[in-house]
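Visitor: This is the structure I have questions about; it appears just below.
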Ligand SMILES: Cc1cc2nc3c(=O)[nH]c(=O)nc-3n(C[C@H](O)[C@H](O)[C@H](O)COP(=O)(O)OP(=O)(O)OC[C@H]3O[C@@H](n4cnc5c(N)ncnc54)[C@H](O)[C@@H]3O)c2cc1C
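Next up, the structure:
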C-alpha cells in the first residue's frame, strides 16, 4: 500500500528540526532510518502530514568515549555500533545484542535513536540500555534534557518524549575496568523481534560478589523493563545456584508480558525464567578463568 500523502521536510540543524516539530506538533513525525516508520506509513497505521528527515543534519551520528561514558548519537546506525571498536572494548554487551537485531539490511539503515523512540516492548536496545543504566538526551523548544532509560519507556510504543522533542544521544556509563555482561534473546526465527530477552551487566569483586548488577528485560511487559527488585536481591551476593534460583522466581513474579502472536503470557513468563537463568550462567562461565573469558 502507498502511504497517505505527506510533506517531506529536510532541516539542516537540530534547532530547525525542533522548530518544525513545535510548529506541526502531532501532525509531524521524525524520520531516522525509516525501518519502523515507513512500513507503518505504508500500512497507513502511521499517517504523518509532515515528515521531518534528520538525515541531513550533521553531527548526529557518532560513538565516542568521554568523561567515563560512551556517547552514541541518535542517528548512529545499528551497523556502526556492531563495527565500533569503542563498543567492543567498553560495552561488548551492545555488540552481542546488535548481532541478533533484525538482519543486515535493517542494521544498515536503522538507528539507535529511532529504535528507542519506537519503544517496541520486544525491541533489543530497550533491555540493553536499561541494564547499562543509560541516560537518554533529547532536545525540545525549551532546551535539552536528560532522563534515565528507566523513565524513558512508559508504555508499548510510547515514551516520555514530548511530541516536540528529538532524541539526540544515548550516554552509557563505561567504567575503565571491563564488566561482565551478556544479552540472551529467544526468537521464533533469526532476525525476528524477541519473544523474550534478557540483558545482564555485572560488576563483580575479586571474590565473585556482585558489587553492582543491571538487568533489562524485553518482551516481559508492555514496555522494556528494568528488573529493579531482582537487581536489589543480587547486589552484594555471590551468584550461587541458590541465589540464581531465587532471582529467577522473582523475575517470573515481576514479569507481566502481553499475550501476542509470539506467545501467551504464561508461555513468555516461563521462558523468561529460563532465559534469565541462562544469561546468569553465561556470565558466570565467562568469568571463569578456565573458560578463558574475561567478560
Ligand atoms: C524486518 C525488520 C525486522 C526488525 N527486527 C528487529 C529486531 O529484531 N529487534 C529490534 O530491536 N528492532 C527490529 N527492527 C526495528 C529496527 O531496529 C528499526 O531500526 C528501529 O525500530 C527504528 O529505527 P529507525 O532509525 O529505522 O527509525 P524510524 O523508523 O525512522 O522511526 C521510528 C520512530 O521513532 C521516531 N524517531 C526516530 N528517530 C527519532 C529521534 N531521534 N527522536 C525522536 N523520535 C525519533 C520516528 O518518528 C518514528 O516514530 C526490525 C525492523 C524491520 C523492518
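In our numbering, the protein residues as written are 417 to 711. By construction, the Cβ of each residue, glycine as well, lies at the ideal position given by its N, Cα and C atoms.
Where does residue 711 sit, in a helix, a strand or coil, going by DSSP?
Guide: At residue 711, the pLDDT of 46 sits below 50, so the modelled position is not reliable; the number obtained from the coordinates is stated separately. If DSSP states are grouped into helix, strand and coil, residue 711 belongs with coil.
Visitor: Hey, how far is the Cα of residue 600 from the Cα of residue 439?
Guide: 42 Å
Visitor: If I measure Cβ to Cβ from residue 629 and keep anything under 8 Å in the same chain, skipping five residues before and after, which residues do I get?
Guide: Residues 616, 617, 618, 619, 647, 650 and 651 of the same chain have their beta carbon placed closer than 8 Å to that of residue 629, with the five preceding and five following residues left out of the count.
Visitor: Note down, in chain order, each residue of its chain lying with its Cβ closer than 6 Å to the Cβ of residue 672, except the 5 sequence neighbours on either side.
Guide: Excluding positions up to five away in sequence, the list reads 637.
Visitor: Whose CA, out of 525, 508 and 474, lies closest to the CA of residue 452?
Guide: 525
Visitor: Can at least three beta-carbon pairs, one atom from the stretch 678–686 and one from the stretch 639–646, be found at a separation below 8 Å?
Guide: no
Visitor: Hey, how far is the Cα of residue 708 from the Cα of residue 513?
Guide: The predicted position of residue 708 is uncertain, since its pLDDT is 49 and thus under 50; a value taken from the coordinates is nonetheless stated next. One C-alpha to the other measures close to 21 Å.
Visitor: Please look up how many angstroms separate the CB atoms of residue 685 and residue 668, rounded, as I've assumed it's under 8 Å.
Guide: 5 Å
Visitor: By Cβ distance, which residues of its chain are closer than 6 Å to residue 625, with the 5 residues on each side in sequence left out?
Guide: 654
Visitor: Which stretch, first to last residue, makes up the beta strand (DSSP E) that contains residue 481?
Guide: 479–482
Visitor: Within 10 Å of its beta-carbon, does residue 551 have 16 or more other beta-carbons around it, so buried, or fewer, so exposed?
Guide: buried
Visitor: Which residue or residues does DSSP assign as beta-bridge partners of residue 617?
Guide: Residue 617 is bridged to 597 and 630.
Visitor: Hey, is residue 440 close to ligand 1, as in C-beta under 7 Å from one of its heavy atoms?
Guide: No, the beta carbon of residue 440 sits no closer than 7 Å to any heavy atom of ligand 1.
Visitor: Hey, could you find the ends of the beta strand (DSSP E) residue 488 is sitting in?
Guide: Per DSSP, residue 488 belongs to the beta strand (DSSP E) from 485–489.
Visitor: Within 10 angstroms of its Cβ, does residue 644 collect 16 or more other Cβ (buried), or is it exposed?
Guide: When all chains shown are included, residue 644 counts as exposed.
Visitor: Please work out which residues of its chain come closer than 8 Å, Cβ to Cβ, to residue 498, disregarding the five sequence neighbours upstream and downstream, and give them in chain order.
Guide: Within the same chain, residue 498 has close Cβ partners 511, 514, 515 and 523.
Visitor: Could you spell out where the beta strand (DSSP E) holding residue 583 opens and where it closes?
Guide: 582–589
Visitor: State yes or no: is the C-beta of residue 583 nearer than 7 Å to some heavy atom of ligand 1?
Guide: Here the distance from the Cβ of residue 583 to the nearest heavy atom of ligand 1 is below 7 Å.
Visitor: Heavy atom of ligand 1 less than 7 Å from the Cβ of residue 527, yes or no?
Guide: yes
Visitor: If we call anything under 8 Å between Cβ atoms a contact, is residue 424 one with residue 469?
Guide: yes
Visitor: Can we count residue 578 as close to ligand 1, meaning its CB is less than 7 Å from some heavy atom?
Guide: no
Visitor: Going by the beta-carbon positions, is the gap between residue 598 and residue 509 smaller than 8 Å?
Guide: yes
Visitor: Tell me residue 612's beta-bridge partners as DSSP assigns them.
Guide: Bridge partners of residue 612 according to DSSP: 602.
Visitor: Rounded C-beta distance between residue 463 and residue 420? I'm assuming under 8 Å.
Guide: Taking C-beta atoms under 8 Å as the contact rule, residue 463 and residue 420 qualify, at a distance of about 5 Å.
Visitor: Excluding five sequence neighbours on each side, which residues of the same chain lie with their C-beta closer than 6 Å to the C-beta of residue 553?
Guide: 562, 584 and 585
Visitor: Between the alpha carbons of residue 711 and residue 549, how many angstroms are there, rounded?
Guide: No answer about residue 711 holds up, because its pLDDT of 46 lies below 50 and its placement is not dependable.
Visitor: What's the C-alpha gap between residue 483 and residue 505?
Guide: 16 Å
Visitor: Confirm, please, whether the CB-CB distance from residue 531 to residue 520 is below 8 Å.
Guide: no
Visitor: Determine the closest residue to residue 592 out of 609, 702 and 485, with distance taken between C-alpha atoms.
Guide: 485
Visitor: Can you list, in chain order, the residues of its chain with a C-beta nearer than 6 Å to that of residue 621? Leave out the 5 residues immediately preceding and following it.
Guide: Cβ neighbours of residue 621 beyond the five flanking positions: 627.
Visitor: Using only alpha-carbon positions, find the residue among 663, 580 and 544 that is nearest to residue 564.
Guide: 544
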